[in-house]
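Presented below is the structure to which this report refers.
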Amino acid sequence: MSWIFLAFGVALFDSLKNVLAKHTLKNIDEYVVAWSNSFFSALFLIPILFFGLPEIKPNFFVGLIVSGTLNIAALVFFMKSIKSGDLSNTVPLTTISPLLLLITSPIIVGEFPSFQGIMGMISIVIGAYLLNFKKGEKDFFAPFRAIVKEKGPRYMLMVVLIWAVTANFDKIGVVNSSPLFYSFAVQLYIGILMLFWIVPRFRKNPETINKNFKALVGVGALSTLTIICHMIAISLTIVPYVISIKRTNSILSVIFGRIFFKEGNLKERLLAAILMFIGVLLITFG
(Lines of atoms letter the chains of each structure in order from A and count residues from 1; the text may use other names and numbers.)
(Lines give C-alpha, C1' and ligand atoms only; values in the text may rest on other atoms or scores of the structure.)
Protein backbone atom coordinates (compact mmCIF):
# COMPACT_ATOMS: atom_id res chain seq x y z
CA MET A 1 0.00 0.00 0.00
CA SER A 2 3.03 2.29 -0.28
CA TRP A 3 1.51 3.75 -3.46
CA ILE A 4 -1.05 5.56 -1.28
CA PHE A 5 1.66 7.51 0.52
CA LEU A 6 3.37 8.25 -2.78
CA ALA A 7 0.10 9.46 -4.31
CA PHE A 8 -0.50 11.77 -1.35
CA GLY A 9 3.11 12.87 -1.83
CA VAL A 10 2.16 13.96 -5.34
CA ALA A 11 -0.67 16.10 -3.98
CA LEU A 12 1.46 17.52 -1.15
CA PHE A 13 4.52 18.40 -3.23
CA ASP A 14 2.38 19.86 -6.00
CA SER A 15 0.49 22.04 -3.49
CA LEU A 16 3.71 23.19 -1.83
CA LYS A 17 5.15 24.00 -5.26
CA ASN A 18 2.13 26.23 -5.92
CA VAL A 19 2.59 27.98 -2.57
CA LEU A 20 6.28 28.66 -3.29
CA ALA A 21 5.48 29.74 -6.86
CA LYS A 22 2.80 32.19 -5.67
CA HIS A 23 5.21 33.63 -3.10
CA THR A 24 7.95 34.00 -5.73
CA LEU A 25 5.54 35.65 -8.18
CA LYS A 26 5.44 38.67 -5.87
CA ASN A 27 8.96 39.51 -7.06
CA ILE A 28 9.34 37.91 -10.51
CA ASP A 29 7.05 37.63 -13.52
CA GLU A 30 5.18 34.47 -14.44
CA TYR A 31 7.41 33.57 -17.40
CA VAL A 32 10.50 33.14 -15.21
CA VAL A 33 8.65 31.08 -12.58
CA ALA A 34 7.03 28.91 -15.28
CA TRP A 35 10.45 28.36 -16.85
CA SER A 36 12.03 27.40 -13.51
CA ASN A 37 9.29 24.82 -12.96
CA SER A 38 10.40 22.90 -16.06
CA PHE A 39 14.07 23.74 -16.55
CA PHE A 40 15.30 22.94 -13.04
CA SER A 41 13.02 19.92 -12.90
CA ALA A 42 14.69 18.60 -16.07
CA LEU A 43 18.12 19.14 -14.51
CA PHE A 44 17.12 17.21 -11.39
CA LEU A 45 15.81 14.37 -13.59
CA ILE A 46 19.08 13.95 -15.54
CA PRO A 47 20.23 11.01 -13.33
CA ILE A 48 17.47 8.83 -14.84
CA LEU A 49 19.51 8.76 -18.07
CA PHE A 50 22.17 6.66 -16.31
CA PHE A 51 19.63 3.85 -15.91
CA GLY A 52 19.41 3.46 -19.69
CA LEU A 53 17.25 4.88 -22.44
CA PRO A 54 13.93 3.30 -23.45
CA GLU A 55 13.05 2.44 -27.02
CA ILE A 56 12.00 5.73 -28.58
CA LYS A 57 9.42 5.28 -31.33
CA PRO A 58 8.64 7.96 -33.99
CA ASN A 59 5.30 9.02 -32.45
CA PHE A 60 7.19 10.01 -29.29
CA PHE A 61 8.16 13.25 -30.99
CA VAL A 62 4.55 13.98 -31.92
CA GLY A 63 3.54 13.81 -28.27
CA LEU A 64 6.61 15.73 -27.13
CA ILE A 65 6.31 18.64 -29.57
CA VAL A 66 2.54 19.10 -29.41
CA SER A 67 2.20 18.69 -25.63
CA GLY A 68 5.43 20.53 -24.84
CA THR A 69 4.57 23.52 -27.00
CA LEU A 70 0.99 23.82 -25.72
CA ASN A 71 2.09 23.32 -22.12
CA ILE A 72 4.29 26.41 -22.32
CA ALA A 73 1.08 28.40 -22.62
CA ALA A 74 -0.57 26.28 -19.89
CA LEU A 75 2.32 26.89 -17.48
CA VAL A 76 2.33 30.64 -18.07
CA PHE A 77 -1.45 30.84 -17.67
CA PHE A 78 -1.21 28.74 -14.49
CA MET A 79 1.31 31.14 -13.00
CA LYS A 80 -0.76 34.14 -14.09
CA SER A 81 -3.76 32.54 -12.43
CA ILE A 82 -2.21 31.96 -9.00
CA LYS A 83 -0.48 35.34 -9.18
CA SER A 84 -3.69 37.31 -9.79
CA GLY A 85 -6.10 35.13 -7.80
CA ASP A 86 -6.28 33.17 -4.55
CA LEU A 87 -4.91 29.62 -4.50
CA SER A 88 -8.18 28.57 -2.90
CA ASN A 89 -10.37 29.62 -5.83
CA THR A 90 -8.01 28.96 -8.75
CA VAL A 91 -6.21 25.63 -8.17
CA PRO A 92 -9.45 23.70 -7.39
CA LEU A 93 -10.62 24.60 -10.90
CA THR A 94 -8.02 22.15 -12.24
CA THR A 95 -10.46 19.41 -11.25
CA ILE A 96 -12.54 20.53 -14.24
CA SER A 97 -10.01 18.80 -16.52
CA PRO A 98 -11.57 15.30 -16.10
CA LEU A 99 -14.92 16.86 -17.01
CA LEU A 100 -13.44 18.27 -20.22
CA LEU A 101 -11.84 14.90 -20.99
CA LEU A 102 -15.34 13.42 -20.96
CA ILE A 103 -16.03 15.78 -23.85
CA THR A 104 -12.78 15.26 -25.78
CA SER A 105 -12.52 11.47 -25.22
CA PRO A 106 -15.66 10.58 -27.24
CA ILE A 107 -14.26 12.62 -30.12
CA ILE A 108 -10.70 11.30 -29.98
CA VAL A 109 -11.00 7.72 -28.71
CA GLY A 110 -14.77 7.04 -28.85
CA GLU A 111 -15.26 6.66 -25.09
CA PHE A 112 -18.52 7.90 -23.52
CA PRO A 113 -19.33 8.67 -19.87
CA SER A 114 -21.38 6.34 -17.69
CA PHE A 115 -24.23 7.47 -15.44
CA GLN A 116 -21.73 7.71 -12.58
CA GLY A 117 -19.50 9.83 -14.79
CA ILE A 118 -22.39 12.19 -15.51
CA MET A 119 -23.05 12.52 -11.77
CA GLY A 120 -19.39 13.36 -11.35
CA MET A 121 -19.74 16.11 -13.95
CA ILE A 122 -22.68 17.57 -12.03
CA SER A 123 -20.71 17.47 -8.76
CA ILE A 124 -17.80 19.33 -10.36
CA VAL A 125 -20.09 21.98 -11.83
CA ILE A 126 -21.77 22.54 -8.43
CA GLY A 127 -18.34 22.78 -6.81
CA ALA A 128 -17.17 25.32 -9.39
CA TYR A 129 -20.33 27.31 -8.72
CA LEU A 130 -19.79 27.36 -4.94
CA LEU A 131 -16.13 28.23 -5.41
CA ASN A 132 -17.11 31.64 -6.73
CA PHE A 133 -20.34 32.07 -4.77
CA LYS A 134 -20.62 35.22 -2.68
CA LYS A 135 -23.06 35.60 0.21
CA GLY A 136 -25.94 37.92 -0.57
CA GLU A 137 -25.52 37.42 -4.32
CA LYS A 138 -28.96 37.47 -5.96
CA ASP A 139 -27.85 36.76 -9.51
CA PHE A 140 -27.87 32.97 -9.94
CA PHE A 141 -25.38 32.99 -12.81
CA ALA A 142 -22.92 35.43 -11.18
CA PRO A 143 -20.53 32.67 -9.91
CA PHE A 144 -20.28 31.22 -13.42
CA ARG A 145 -19.61 34.64 -14.89
CA ALA A 146 -16.94 35.21 -12.22
CA ILE A 147 -14.96 32.29 -13.63
CA VAL A 148 -14.75 34.12 -16.96
CA LYS A 149 -14.55 37.71 -15.71
CA GLU A 150 -12.04 37.42 -12.86
CA LYS A 151 -8.43 37.07 -13.98
CA GLY A 152 -7.39 34.19 -11.70
CA PRO A 153 -10.23 31.78 -12.51
CA ARG A 154 -10.23 32.84 -16.19
CA TYR A 155 -6.55 32.00 -16.60
CA MET A 156 -7.03 28.66 -14.84
CA LEU A 157 -9.92 27.83 -17.15
CA MET A 158 -7.52 28.36 -20.07
CA VAL A 159 -5.11 25.95 -18.37
CA VAL A 160 -7.64 23.15 -18.06
CA LEU A 161 -8.77 23.68 -21.66
CA ILE A 162 -5.18 23.17 -22.80
CA TRP A 163 -4.73 20.17 -20.50
CA ALA A 164 -7.80 18.53 -21.99
CA VAL A 165 -5.87 18.40 -25.26
CA THR A 166 -2.31 17.81 -24.03
CA ALA A 167 -3.30 14.85 -21.82
CA ASN A 168 -3.97 12.84 -24.97
CA PHE A 169 -0.59 13.76 -26.51
CA ASP A 170 1.20 13.05 -23.23
CA LYS A 171 -0.18 9.53 -23.46
CA ILE A 172 1.21 9.22 -26.99
CA GLY A 173 4.63 10.36 -25.74
CA VAL A 174 4.62 7.95 -22.80
CA VAL A 175 3.57 4.82 -24.71
CA ASN A 176 6.23 5.54 -27.33
CA SER A 177 9.04 5.84 -24.75
CA SER A 178 8.63 5.47 -20.98
CA PRO A 179 6.83 7.57 -18.31
CA LEU A 180 9.94 8.86 -16.55
CA PHE A 181 11.97 9.50 -19.70
CA TYR A 182 9.04 11.32 -21.31
CA SER A 183 8.66 13.48 -18.18
CA PHE A 184 12.34 14.44 -18.42
CA ALA A 185 12.13 15.09 -22.16
CA VAL A 186 9.02 17.28 -22.03
CA GLN A 187 10.35 19.31 -19.09
CA LEU A 188 13.66 19.84 -20.92
CA TYR A 189 11.84 20.75 -24.14
CA ILE A 190 9.74 23.38 -22.34
CA GLY A 191 12.73 24.69 -20.38
CA ILE A 192 14.88 25.14 -23.50
CA LEU A 193 12.11 26.60 -25.65
CA MET A 194 11.21 29.13 -22.96
CA LEU A 195 14.76 30.48 -22.95
CA PHE A 196 13.66 32.74 -25.83
CA TRP A 197 11.53 34.61 -23.26
CA ILE A 198 13.82 34.14 -20.27
CA VAL A 199 17.24 35.28 -21.56
CA PRO A 200 16.08 38.86 -22.23
CA ARG A 201 14.61 38.99 -18.71
CA PHE A 202 17.88 37.76 -17.21
CA ARG A 203 19.77 40.46 -19.06
CA LYS A 204 17.29 43.17 -18.15
CA ASN A 205 16.96 42.39 -14.45
CA PRO A 206 19.66 39.94 -13.28
CA GLU A 207 19.70 41.22 -9.68
CA THR A 208 16.08 40.36 -8.95
CA ILE A 209 16.46 36.92 -10.47
CA ASN A 210 19.67 36.24 -8.54
CA LYS A 211 17.98 37.24 -5.27
CA ASN A 212 15.16 34.75 -5.92
CA PHE A 213 17.34 32.04 -7.46
CA LYS A 214 16.91 29.63 -4.51
CA ALA A 215 13.13 29.97 -4.68
CA LEU A 216 13.16 29.30 -8.43
CA VAL A 217 15.29 26.19 -7.92
CA GLY A 218 12.88 25.20 -5.13
CA VAL A 219 9.94 25.35 -7.54
CA GLY A 220 11.81 23.03 -9.89
CA ALA A 221 12.79 20.70 -7.04
CA LEU A 222 9.20 20.37 -5.81
CA SER A 223 8.07 19.76 -9.39
CA THR A 224 10.66 16.96 -9.61
CA LEU A 225 9.47 15.36 -6.37
CA THR A 226 5.91 15.51 -7.70
CA ILE A 227 6.93 13.73 -10.91
CA ILE A 228 9.01 11.04 -9.17
CA CYS A 229 6.27 10.22 -6.63
CA HIS A 230 3.74 10.14 -9.45
CA MET A 231 5.76 7.79 -11.65
CA ILE A 232 6.64 5.37 -8.83
CA ALA A 233 3.01 5.34 -7.63
CA ILE A 234 1.59 4.49 -11.06
CA SER A 235 4.13 1.67 -11.33
CA LEU A 236 2.63 0.14 -8.17
CA THR A 237 -1.09 0.50 -8.93
CA ILE A 238 -3.48 1.60 -11.67
CA VAL A 239 -3.34 5.19 -12.87
CA PRO A 240 -6.91 6.23 -11.87
CA TYR A 241 -6.16 5.51 -8.19
CA VAL A 242 -3.12 7.78 -8.24
CA ILE A 243 -4.86 10.58 -10.14
CA SER A 244 -7.80 10.51 -7.75
CA ILE A 245 -5.59 10.97 -4.69
CA LYS A 246 -3.51 13.55 -6.57
CA ARG A 247 -6.62 15.70 -6.93
CA THR A 248 -6.69 16.19 -3.17
CA ASN A 249 -4.27 18.98 -4.04
CA SER A 250 -7.38 21.10 -4.65
CA ILE A 251 -8.35 20.65 -0.98
CA LEU A 252 -4.77 21.24 0.20
CA SER A 253 -4.63 24.43 -1.88
CA VAL A 254 -7.64 25.83 -0.04
CA ILE A 255 -6.03 25.00 3.32
CA PHE A 256 -2.57 26.29 2.33
CA GLY A 257 -4.12 29.42 0.86
CA ARG A 258 -5.57 30.15 4.28
CA ILE A 259 -2.36 29.29 6.19
CA PHE A 260 0.21 31.03 4.01
CA PHE A 261 -1.74 33.87 2.38
CA LYS A 262 -4.65 34.45 4.79
CA GLU A 263 -7.20 33.83 2.05
CA GLY A 264 -10.85 34.13 3.08
CA ASN A 265 -14.06 32.12 2.62
CA LEU A 266 -12.39 28.97 3.94
CA LYS A 267 -15.57 26.99 4.66
CA GLU A 268 -17.25 27.77 1.33
CA ARG A 269 -14.15 27.10 -0.74
CA LEU A 270 -13.28 23.95 1.18
CA LEU A 271 -16.80 22.59 0.60
CA ALA A 272 -16.51 23.47 -3.10
CA ALA A 273 -13.10 21.74 -3.38
CA ILE A 274 -14.46 18.61 -1.65
CA LEU A 275 -17.45 18.49 -4.02
CA MET A 276 -15.18 18.84 -7.03
CA PHE A 277 -12.92 16.09 -5.66
CA ILE A 278 -15.96 13.80 -5.24
CA GLY A 279 -16.84 14.59 -8.85
CA VAL A 280 -13.36 13.48 -9.94
CA LEU A 281 -13.79 10.21 -8.02
CA LEU A 282 -17.14 9.54 -9.69
CA ILE A 283 -15.72 10.23 -13.15
CA THR A 284 -12.57 8.21 -12.51
CA PHE A 285 -14.37 5.13 -11.28
CA GLY A 286 -17.55 5.54 -13.30
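The sequence shown: position 172 = 187 (the working numbering), numbered continuously.
Ideal Cβ placement from N, Cα and C applies to all residues, glycine included.
On a predicted model such as this, the values are computed, not experimentally measured, just so you know.
Two segments are said to touch when three or more pairs of C-beta atoms, one from each, lie closer than 8 Å; by this definition the region 91 to 104 touches the region 169 to 180. Assignment of Ser193 by DSSP, reduced to helix, strand and coil, places it in the coil class. Here Gly78 is buried, its C-beta having at least 16 other C-beta atoms within 10 Å.
The straight-line gap separating the alpha-carbon atoms of Met291 and Ile258 is approximately 14 Å.
About 5 Å separates the beta carbons of Phe55 and Val232, which is inside the 8 Å limit, making them a contact pair.
Assigned with DSSP and collapsed to three states, Arg262 falls in coil, not helix or strand. Excluding the 5 residues flanking it on each side, Asp44 has no same chain C-beta neighbour closer than 6 Å.
In the three-state reduction of the DSSP assignment, Gly279 falls in the coil class, being assigned neither a helical nor a strand state.
Across the structure, Phe65 and Thr39 are spaced so that their CA atoms are roughly 33 Å apart.
In this structure, Phe76 and Ala236 do not form a Cβ contact; the two beta carbons are roughly 28 Å apart against a cut-off of 8 Å.
Looking from the CA of Ala22, the closest CA among Arg284, Thr263, Ala288, Ile71 belongs to Thr263. For the region 65 to 125, the full-length alpha helix (DSSP H) segments reaching 4 residues or more read 74 to 99, 102 to 105, 111 to 123 along the chain. By the C-beta criterion, the region 138 to 146 is judged to be in contact with the region 276 to 293, since at least 3 inter-stretch pairs fall below 8 Å. Note that the C-beta distance between Asn74 and Asn191 is below 8 Å. Residue nearest to Arg216 within the set Val25, Val48, Glu278 is Val48 (criterion: CA-CA distance).
Look at the beta carbons and you see the region 239 to 246 touching the region 21 to 36: at least three pairs across the two are nearer than 8 Å. Rounded to whole angstroms, the Cβ separation of Val234 and Asn52 is 5 Å, and the two are in contact under 8 Å. Residue burial annotation: Leu68 is exposed, with fewer than 16 other C-beta atoms found within 10 angstroms of its C-beta. Assigned with DSSP and collapsed to three states, Lys226 falls in helix.
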